[in-house]
Amino acid sequence: MTPRYEPHEIEAKWQRVWEDERAFNVPNPVPGAPTAANHWYQLEMLPYPSGPSLHMGHVLNYTMGDVQTHVRRRSGWHVVRPMGWDAFGLPAENAAIREGRHPRETIERNIETMRAQMKRLGWAIDWEREVAAHQPTFYRWTQWLFQQFVAHDLCYRREGPVNWCPNDRTVIANEYVVDGRCERCGAEVELRNMTQWYMRTTAYADELLEYDLPEGGFWPERTKAIQRNWIGRSEGAEILFQVEETGEDLAVFTTRADTLFGATFFVLAPEHPFVESHASDEAREYARHAGARPVEERAAGTTKTGVFTGFHAVNPVNGERLPIWVADYVLMDYGTGAIMAVPAHDERDGEFAEAFTLPTTVVIDEDGKLVNSGRFDGLPAAEGAQAIVAALEAEGRGKATVHYRLRDWSVSRQRYWGCPIPFIHCERCGVVPVPEDQLPVILPDIEDYAPKGKPPLAQDEEYMNVDCPQCGGAAQRDPDTMDTFVDSSWYFLRYIDSHNDEAPFDRFVVDYWLPVSQYIGGVDHSTGHLLYSRFFVKALNDWGMLGFREPFARMFHQGWVTLGGTKMSKTKGNVEGPDAVTDAYGADAVRLYILFMGPADQDMEWTPDGVEGIVRFLRRVWRVVHEVAERSPNDGVREGPLARKANETIARVTDDVLRRFQFHTPIAALMELLNELSGATDAPDARFAAETAVSLIQPYAPHVAEELWTVLGHERLWEAPWPEADESQLVRETFELVVQVNGKVRDRFEVDVSLSEEELVARARTSERVRSYLDGGEPRKTIVVPKKLVNFVV
RNA sequence: GCCGAAGUGGCGGAACUGGCAGACGCGCCGGACUCAAAAUCCGGUGGCCUUCGGGCCGUGUGGGUUCGAUUCCCACCUUCGGCACCA
């Protein structure tokens, strides 16, 4: 009599066992002692504990990581799989504001519930490595690293235009402004001039375009393309034009030096300093109005506007006088804020020339060769550009340069819930680091942490007023906190050595585990978190703190789990957690179902409708395995049709998970195996098939698998070796020969694999059905694909 | 405009290296069990035609390469993502 499948009892039981056994805790290697060569660092992006529950997107992500972890572990890999909390930052703080509580309270409660949900889903996580960004033991080292960046001139303060979110009342990074709006709250951002801390990401602009990955490393093309677009490297030349009336030089940046002879006028951005210092009253007036408009608005204008400044620039290549205009289609923050205008070969210059009836000179013909370009005539455009730049360079009037779209990362935030910036402002000594032995600078508990436009910490006098560490005089702390992406730029390093209180991490253990073998997370972090983390690792490598230059060897982006067509997220309020389905059917069903919904890298609309199919499957597994345990002889027969199917399934599941990183097709393969097994539970090889099925299901549904493993008389499946396909069983004695006539299938039948090509053709010709198509004649041509088909061409 | 990804039954999707299109599941249809229902089990399920043997069509569109194309090449359409008055 088969007992009922009671997922809740089984799941609670095995989760207790794993915890007592410390089944998924993994020690670090010790210097001098032998280390396992086969190591794997499995990492998924850590969650913001901003909501009171995980959503199905998290469930997808972490279950994928879990399957990978189990299969690797059982295949003999040394696998570390940690977890932590992105506890600082806007999402967490805004959640606390909504609830009217202190962020620490809200966040720590959310962490509790999310951790409980994770444990309830049975994920194999090494909880002893857990970190949270808001713990002083963590942010002490965030502060220490920040000071290192400053010491290495990769972090600095300057005044400049920043993106101000009027709703969140703080500066936000370029990377998190989407279509001119705050990525978090959707409010339109304003430009403000402020003095801020910046990370010098541009110092690594070129290197961030290269992916120096270890063997087996892989980043999706689209992620690289997104980062490439964001960095926006553009090769060109800087060329000096002399202002005829004043003799001073104005530099332009161009990617089309080949069109230099086609320049007919010259344009400055409204913010260009020459405009304010020299231009006519009318031009200055225009510049003041035009420059104040945001870039998006300037771009939206259909007709070009501009004003002549009254000055002329001399084209260094032919001495031509070009009128200098000021126009808002030229931007101050790209290139030099000045352009040579070539209306014949640049669409925008063309529009401008038309609007103000300026002349046009064609300098590239239909064959892509230079014309009207003096001694450069006849050169192909690309060569012409090089030759012209070389000629200018010889005269000191130009040089080849590279420009980037990437800007340095602004990291100061005028909010409370973040890592305090460990610097002190002293009137006499300037900006002074807090001495290392005084770290961490503890985030004080203040009553009123609400954003007011001024940093909340500025109001806490006890916090703000300190003695200068250098001169001992009265000084003030930096009232800002750090962007939460500073925390997440190095958390994956801290996991490896999370209890270290002498250093952020020990190089030996970090060099052992990293780069992260497989990182799983959203593609939306391509230009932010992923880029920042790569920047951090390159810098730390340059300082000798670690021995690699890329943090993540393999990158995988899961698709969005959507509800009502949009991505599940706290801010959009369309969140569906795992609890309802877990309550109804158990964790194993949730895990299988979210992975069975479709390819993990594609978006999927959440609906609990199809979960029935998975529940049916689990009940079927339960019943069939019990039946086999009762009826099938336990004599270890590993041959026969079921054994063959089992071996094929081993090969498919293993290849899909380890090589193809595909998680839904293994479930289909297991269903096929179960379908065959369910009709023959008393076959001699049924027991082997059932054992294989249970063993292969374990990464997906570890609880029921563990239970059924004991039903089959075994123990400790979580550490049992991953099954290996018996190659001899994969070799077939017969195969189904497909016979085509003119590429169309006309017959198919089983034949012996040992048949030669000639014998296959002979067998194919005996087929009645094929003969009727051959019409008694000889085929013009016969194609034989060994072990597959014969094709007659008539 | 530039860069990148993707288009397959009613639905989610499979087919990895050019070789049987639609695995597996959902849904639907029929049957068994039942007083009945649920659950479970068995069978069917791309479209059109059929003398019930089978035939023709079919993977966004149009071409091409090939004995053979969902797969490779060219052009185009659509959708999604990134960048964008970026010189």
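Taking the working numbering as reference, the numbering of the first sequence is continuous, increasing by one, and the terminal residue is 1319.
Each residue gets a CB set at the ideal place from its N, CA and C atoms; glycine is no exception.
Rounded to the nearest angstrom, what separates residue i and residue j at their Cα positions?
i: Glu1197; j: Glu1240; result: 26 Å
i: Gly1165; j: Arg1212; result: 12 Å
i: Ala1105; j: Pro628; result: 27 Å
i: Met989; j: Ser935; result: 22 Å
i: Ser802; j: Ala812; result: 12 Å
i: Gln1043; j: Gln1083; result: 13 Å
i: Lys749; j: Arg1059; result: 12 Å
i: Gln672; j: Gly1111; result: 48 Å
i: Pro1133; j: Asp1108; result: 13 Å
i: Phe901; j: Lys924; result: 17 Å
i: Ser1220; j: Glu1152; result: 17 Å
i: Lys1313; j: Thr1259; result: 11 Å
i: Gln911; j: Gly860; result: 19 Å
i: Gly601; j: Thr1006; result: 44 Å
i: Arg541; j: Ile535; result: 10 Å
i: Ile1119; j: Ile636; result: 23 Å
i: Phe799; j: Phe836; result: 10 Å
To the nearest whole angstrom, what separates the beta carbons of residue i and residue j, a pair I think is in contact under 8 Å?
i: Gly943; j: Gly614; result: 6 Å
i: Ile889; j: Val842; result: So it is not a contact: roughly 15 Å between Cβ atoms.
i: His603; j: Gly1102; result: So it is not a contact: roughly 33 Å between Cβ atoms.
i: Ala880; j: Lys829; result: 5 Å
i: Val777; j: Met865; result: 5 Å
i: Leu734; j: Arg753; result: 6 Å
i: Gly647; j: His1228; result: 6 Å
i: Arg1019; j: Pro1029; result: 6 Å
i: Arg606; j: Gln567; result: 4 Å
i: Thr789; j: Pro884; result: 5 Å
i: Tyr1016; j: Arg1116; result: 25 Å between Cβ atoms; not a contact.
Would you kindly report the start and end of the unbroken alpha helix (DSSP H) that includes residue i?
i: Ala788; result: No alpha helix (DSSP H) contains Ala788, which DSSP labels as neither H nor E.
i: Phe671; result: Pro661 to Ala676
i: Met589; result: Met581 to Arg599
i: Pro559; result: Per DSSP, Pro559 belongs to no alpha helix (DSSP H) and is neither H nor E.
i: Lys1306; result: First-last for Lys1306: Lys1306 to Val1310, but that is the beta strand (DSSP E), not the alpha helix (DSSP H).
i: Lys644; result: Pro628 to Arg645
Can you look up residue i in the DSSP assignment and give me helix, strand or coil?
i: Tyr1016; result: helix
i: Gly614; result: coil
i: Ile946; result: coil
i: Val1162; result: coil
i: Trp755; result: helix
i: Ser802; result: helix
i: Leu968; result: coil
i: Tyr530; result: coil
i: Ile1139; result: helix
i: Pro981; result: helix
i: Gln995; result: coil
i: Thr886; result: coil
i: Thr1132; result: coil
i: Gln963; result: helix
i: Phe1186; result: coil
How is the beta strand (DSSP E) around residue i delimited, first residue to last?
i: Leu765; result: Ser759 to Val768
i: Glu1261; result: Thr1259 to Val1266
i: Asp1272; result: Lys1269 to Asp1277
i: Pro1191; result: Premise fails: Pro1191 lies in the alpha helix (DSSP H), Thr1190 to Ser1203, not in any beta strand (DSSP E).
i: Gly711; result: Looking at the DSSP string, Gly711 is not in any beta strand (DSSP E), and its letter there is neither H nor E.
i: His564; result: His564 to Glu569
i: Phe1060; result: Element bounds for Phe1060: not the beta strand (DSSP E) but the alpha helix (DSSP H), His1054 to Asp1067.
i: Asp874; result: Run containing Asp874: none in the beta strand (DSSP E); it sits in the alpha helix (DSSP H), Glu872 to Ala880.
i: Asn897; result: Note, Asn897: premise wrong, no beta strand (DSSP E); not H, not E.
i: Ile864; result: Ala863 to Ala866
Q. Does the stretch 616-624 touch the stretch 549-561, meaning 3 or more C-beta pairs lie closer than 8 Å?
A. Contact between the stretch 549-561 and the stretch 616-624 is absent: fewer than three C-beta pairs spanning the two stretches fall below 8 Å.
Q.
Below 8 Å, how does it come out for the stretch 1247-1261 and the stretch 1165-1181: are there three or more Cβ pairs, yes or no?
A. A contact is defined here as three or more CB-CB pairs under 8 Å, and the stretch 1247-1261 meets this definition with respect to the stretch 1165-1181.
Q: Mind the definition here: the stretch 728-746 touches the stretch 1068-1075 only if three or more C-beta pairs lie below 8 Å; say whether that holds.
A: Touching, yes, given that three or more Cβ pairs across the two stretches are closer than 8 Å.
Q: Report yes or no: do the stretch 709-726 and the stretch 678-695 share at least 3 C-beta pairs separated by less than 8 Å?
A: They touch, by the three-pair rule.
Q: Check whether the stretch 1132-1146 touches the stretch 1193-1208, counting contact only when three or more Cβ pairs, one atom from each stretch, lie closer than 8 Å.
A: Because the criterion of three Cβ pairs below 8 Å is met, the stretch 1132-1146 and the stretch 1193-1208 touch.
Q: Say whether the stretch 993-1003 touches the stretch 699-713, bearing in mind that this needs 3 or more beta-carbon pairs closer than 8 Å, one atom from each stretch.
A: Not touching, per the Cβ criterion.
(Q) Below 8 Å, how does it come out for the stretch 978-987 and the stretch 650-658: are there three or more Cβ pairs, yes or no? (A) At 8 Å Cβ cutoff, the stretches do not touch.
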